[in-house]
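Okay, so the sequence shown: first residue is 1 according to UniProt numbering, each after it adds one.
The beta-carbon is built from N, C-alpha and C at its ideal position, and this holds for glycine as well.
Scroll down for the structure; my scribbles are underneath it.
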Amino acid sequence: MNQYPTAPELTVSHWLNTDTPLRIRELKGKVVVLHTFQMLCPGCVSYGLPQAAKLAHFFQQEDVVVIGLHTVFEHHQAMQLESLKAFIHEYRLSFPIAVDAPSDNSIPITMSNYQLSGTPCLVLIDKFGKLRFTHHGSIEDMLLSKIVSSLLFETSPANDRVDLDREPSRPNYPDNTKCSAH
């Protein structure tokens, strides 16, 4: 029996770098890599977004979809849509990017639905639409590629937990490279 929850649908206000909105339920059969970020988050700019771009390039011929999720929980006035468009152009981000819909409090809807604690966050959804992993902070590129590849080649829903905190190759980045929402 599969113990993983079904990944929540993304609740967004805008999509960039795609002609049509992406829906998690319509991406079954593909591994979804969701990278959450904010434009003013140092860790997002220094390693989260570059990692997402590398992953999108590396897996472009595979059944892997990389989605950026601009999830603003602070400095709302500085991170408006026009600023995000300029940011995407400046950093040459070509993968689809969604803008997390605001809520009644400071935490955007998708961020809350996925119970994310800040940015950058990495979310992995398997080919069966199951939420397999969430992680706040950094993860080594090779380790992430290994995990995405293993999810890509699964033929049935797995029961084992993807637990990166126990991986010996996980680098220790300083906490100041993460932005916490709570």
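Nearest candidate by alpha-carbon position, reference residue i, set the options
i: L93; options: F37, T155 and E74; result: F37
i: G118; options: Q3, C41 and P21; result: C41
i: R25; options: D126, S150 and V148; result: D126
i: T6; options: S145, L124, Q61 and P120; result: L124
i: C121; options: K130, G137, Y114 and T110; result: G137
i: E9; options: K146, T20, P102 and I109; result: I109
i: Q80; options: A101, I147 and E62; result: A101
Terminal residues of the alpha helix (DSSP H) in which residue i lies
i: D141; result: D141 to L152
i: L40; result: It is not in any alpha helix (DSSP H) - L40 carries neither H nor E in the DSSP assignment.
i: S112; result: I109 to N113
i: residue 242; result: A question about residue 242 goes unanswered here, because the residues of the chain that appear run from 1 up to 182.
Under the three-state DSSP convention, the category residue i falls into
i: K54; result: helix
i: L10; result: coil
i: V45; result: helix
i: L69; result: strand
i: R23; result: coil
i: P5; result: coil
Short Cβ contact (7 Å threshold) for residue i with residue j
i: P157; j: F133; result: no
i: V31; j: V64; result: yes
i: L84; j: H70; result: yes
i: M39; j: F73; result: no
i: L4; j: L151; result: In the sequence on display, residue 4 carries Tyr and not Leu. No, these two residues do not count as a Cβ contact at 7 Å.
i: G68; j: H89; result: no
Residue range of the beta strand (DSSP E) that includes residue i
i: D100; result: I97 to D100
i: T134; result: L131 to H136
i: L122; result: C121 to I125
C-beta neighbour in chain D for residue i, strict 7 Å
i: L27; result: Absent here is chain D; the protein component of the structure consists of one chain.
> Between the segment 96 to 116 and the segment 4 to 18, are three or more C-beta pairs nearer than 8 Å?
Replying inline: Short answer: they touch.
> Is it true that the segment 41 to 58 meets the segment 139 to 150, where meeting means three or more beta-carbon pairs spaced less than 8 Å apart?
Replying inline: Yes: the two stretches touch, three or more of their Cβ pairs being nearer than 8 Å.
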